[in-house]
Amino acid sequence: MSKMLHILQHSLGVDEFGRGRQYRNHFVTGEGSEDYPTCLLAVAFGLMTMRPGNALTGGDDLFLVTDVGRQCMAENSPAPPKLTRSQRRYREYLEADWFSGNFREWISYWKPSAQDAVA
């Protein structure tokens with residue numbers, strides 16, 4: 001199931017914990033690929049649908065995640081690791097693309113969130 005879970009997550013554009021905006025819904029693979037049998041199994045379970053290959057996919061088949069597949073991915077993705085307050089703060093700094101200073105400067109601007117105040 002872990003390989004199938006990885007394919008579902010990749011198809012939807014989320015991380016290994018199922019987090020992120022699901023900005024896509026496709027997986028392209030063909031016969032001879034190590035992922036192809038897993039995708040065919042996902043189709044058999046109703047987690048994906050398959051469309052035959054075309055020029056856009058280079059002749060390989062196109063697999064799309066179904067609503068059941070989305071639910072399965074969400075239910076079976078592991079919980080993300082617990083982060084310390086410092087780790088959360090550093091990740092906030094890395095995600096703050098509007099901030100041009102270094103981490104030390106960020107600390108002076110950083111305001112704790114409600115979650116940080118409790119932790």
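Residue numbering for the sequence shown follows the working numbering, starting at 1 and increasing by one per position. The beta carbon of each residue, even a glycine, is placed where N, CA and C say it ideally should be. These numbers were taken from a predicted model, which means no experiment stands behind them.
Q | C-alpha distance - Glu16 paired with Arg70, whole-angstrom precision | A | Residue 16 sits at position 16 when you count from the first residue of the sequence shown. Residue 70 sits at position 70 when you count from the first residue of the sequence shown. Taking the straight line from one Cα to the other gives about 14 Å.
Q | Limits of the unbroken beta strand (DSSP E) element including Asp67 | A | Position 67 of the sequence shown, counted from the start, is the residue given in the question as residue 67. Secondary structure note for Asp67: it is in no beta strand (DSSP E), and the uninterrupted alpha helix (DSSP H) holding it is 67-76.
Q. Whose C-alpha, out of Gly30, Met48, Glu92, is nearest the C-alpha of Thr84?
A. Along the sequence shown, one-based indexing puts residue 84 at 84. Taking each of Gly30, Met48, Glu92 in turn and checking the Cα distance to Thr84, the smallest one comes out for Glu92.
Q) The alpha helix (DSSP H) spanning Val43 covers which residue range? A) By one-based count along the sequence shown, residue 43 stands at place 43. For Val43, the enclosing alpha helix (DSSP H) has its first and last residue at 36-44.
Q: For chain D, find out if any of its Cβ atoms is closer than 8 Å to the Cβ of Asp15; answer yes or no.
A: Although the question refers to chain D, the structure presented lacks it and comprises just one protein chain.
Q. Which whole-angstrom value is the C-beta distance of Pro80 and Arg19, which I expect to be below 8 Å?
A. For this step, residue 80 is matched to residue 80 along the sequence shown. For this step, residue 19 is matched to residue 19 along the sequence shown. 7 Å between Cβ atoms; contact.
**Q.** Assumed close pair Met73, Phe63 - CB separation to whole angstroms, cut-off 8 Å
**A.** The count along the sequence shown starts at 1 and reaches residue 73 at position 73. The count along the sequence shown starts at 1 and reaches residue 63 at position 63. About 13 Å separates the two Cβ atoms, so there is no contact after all.
Q: Could you tell me if Asp97 is buried or exposed, where buried requires 16 or more neighbouring beta carbons within 10 angstroms of its beta carbon?
A: Translated into the one-based positions of the sequence shown, residue 97 becomes position 97. Exposure of Asp97 is indicated by the presence of fewer than 16 other C-beta atoms within 10 angstroms of its C-beta.
Q | Those residues which DSSP pairs with Thr29 across a bridge | A | Translated into positions along the sequence shown, residue 29 becomes position 29. Bridge partners of Thr29: Asp61.
Q | Nearest candidate by alpha-carbon position, reference Asp35, set Asn25, His10, Ser108 | A | Residue numbering aside, residue 35 sits at position 35 when the sequence shown is read from its first letter. Per the Cα distances, His10.
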